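Be aware that the sequence shown starts at 14, since it is given in this note's numbering, and climbs by one per residue.
Please read the structure below before turning to the comments.
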Amino acid sequence: MELLPNPPDLQLAEALAENERLKSELAKAAGSGEEALQHFIYAASHDLQEPLRMVLTYAQLLQRQFPDDERAQEFTSFIISGVGRMNGLIQNLLVYSRVGTSKRRSAVNLNACLQWALLKLAPAIKESGAAITHDELPEVQADETEMAQVFENLIGNALKFRDTNSPHIHISAEEGSGEWILSVRDNGTGVDPRFLEQVLLPFKRLHGKGVPGSGLGLAICDKVVRSHAGRIWVESDGQQGTSVHFTIAM
């Protein structure tokens with residue numbers, strides 16, 4: 014039997030250790046300027062992708078070499094699943110590095126941005142049986158793609174962090190002082206009031222690893238809103254339901 018060099022479990026352990034190190038470095042880079050942060054993320058994503066490809070290749074080789082070994086099939090499936098999650102994290106990091114850097118501003122109908130987000134989320138909406146309603150949303154000066162990303166992330170979070178009831182999500186808009194206040198409200202699990210400010214930080218996951226996601230959704234929203242000279246905040250009583258509000262100039 015041919016022995017495989019560099020066992021995949023060692024490669025996976027090294028990739029996981031590198032992932033943790035890079036997450037720590039990202040937190041430091043976040044405070045050193047957008048250009049430095051973007052450069053770091055591009056470099057980190059490149060460095061991570063090569064060992065991940067190697068882990069995936071060896072895991073697939075093992076599956077083919079031991080097709081009748083149930084334990085080998087189970088363990089390699091875990092490895093392949095982990096590689097998939099890490100690749101997803103890398104892609105979300107790249108999105109995080111890019112959002113908020115666009116200076117494109119044009120007249121954007123937020124109803125169209127919302128519909129684009131709902132189209133992308135259609136499978137998750139159908140699977141959860143969610144009811145999604147919305148007010149008539151305004152037209153604003155913004156980057157259309159980034160506004161759609163905000164709705165996609167906020168509604169996506171509401172679909173993930175749900176209780177045993179079917180999700181009910183409502184998107185509203187009201188006039189403020191020279192700004193629109195947009196809100197996404199849900200009837201989900203809620204957020205402990207002690208952590209309402211922390212949820213906007215990158216990688217801040219309050220619901221444990223059992224809930225899928227990279228921990229970057231709200232951080233992406235925060236970057237986009239701030240780049241449009243707005244603000245974003247979260248309200249919840251920690252029992253049931255969460256409301257995420259953000260502003261954008263009229």
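Ideal placement from N, C-alpha and C gives every residue a C-beta, glycine not left out.
Keep in mind the model is a prediction, meaning the values are calculated, not measured.
Cβ atoms of LEU167 and VAL197: under 8 angstroms apart, would you say? Closer than 8 angstroms, so yes.
Would you mind stating whether GLN154 and ALA85 have Cβ atoms separated by less than 8 angstroms? Contact: no.
CA nearest to the CA of VAL237, picked from ARG111, LEU75 and GLN73: ARG111
Would you mind stating whether TYR55 and ALA232 have Cβ atoms separated by less than 8 angstroms? Annotated as distal: TYR55 and ALA232, with beta-carbon spacing of 8 angstroms or more.
For GLN62, which residues of its own chain have a beta-carbon under 8 angstroms away from its beta-carbon, when the five flanking residues on both sides are left out? ASN100 and ILE103
Taking the alpha-carbon positions, what's the GLY97 to LEU65 distance? Rounded to the nearest angstrom, the gap between the Cα atoms of GLY97 and LEU65 is 9 angstroms.
Straight-line gap, ILE92 to VAL68 (C-alpha atoms, nearest Å): 8 angstroms
Alpha carbon to alpha carbon, how far is SER94 from SER58? 18 angstroms
State the CB to CB distance for the pair ALA201 and GLY254, rounded to an integer number of angstroms; the pair is presumed to be in contact (CB under 8 angstroms). Residue 201 is actually Gly in this sequence, not Ala. Yes, they are in contact, since the Cβ atoms of GLY201 and GLY254 sit about 6 angstroms apart, within 8 angstroms.
From SER179, ALA120, VAL212 and GLY189, residue whose alpha carbon lies closest to that of SER249: VAL212
Using the beta-carbon count (16 or more within 10 Å), is ASP82 buried or exposed? With a 10 Å radius around the Cβ and a threshold of 16 neighbouring Cβ atoms, ASP82 comes out exposed.
Considering only the beta carbon of each residue, do LEU150 and LEU132 sit closer than 8 angstroms? no
What whole-angstrom Cβ distance do ILE182 and ASP156 have, given they're in contact under 8 angstroms? Going by Cβ atoms, the distance from ILE182 to ASP156 rounds to 23 angstroms, so no, they are not a contact pair.
ALA143 lies in the beta strand (DSSP E); which residues open and close that run? No beta strand (DSSP E) contains ALA143, which DSSP labels as neither H nor E.
Cutting at 8 angstroms between CB atoms, please list the residues of its own chain near VAL121, excluding the five before and the five after it. Counting only Cβ-Cβ distances below 8 angstroms, and skipping sequence neighbours, we find GLU152, VAL153, GLN154, ALA155, ASP156, GLU157 and MET160.
What does DSSP give as the partner residues of ASN122 in its beta bridges? GLU152
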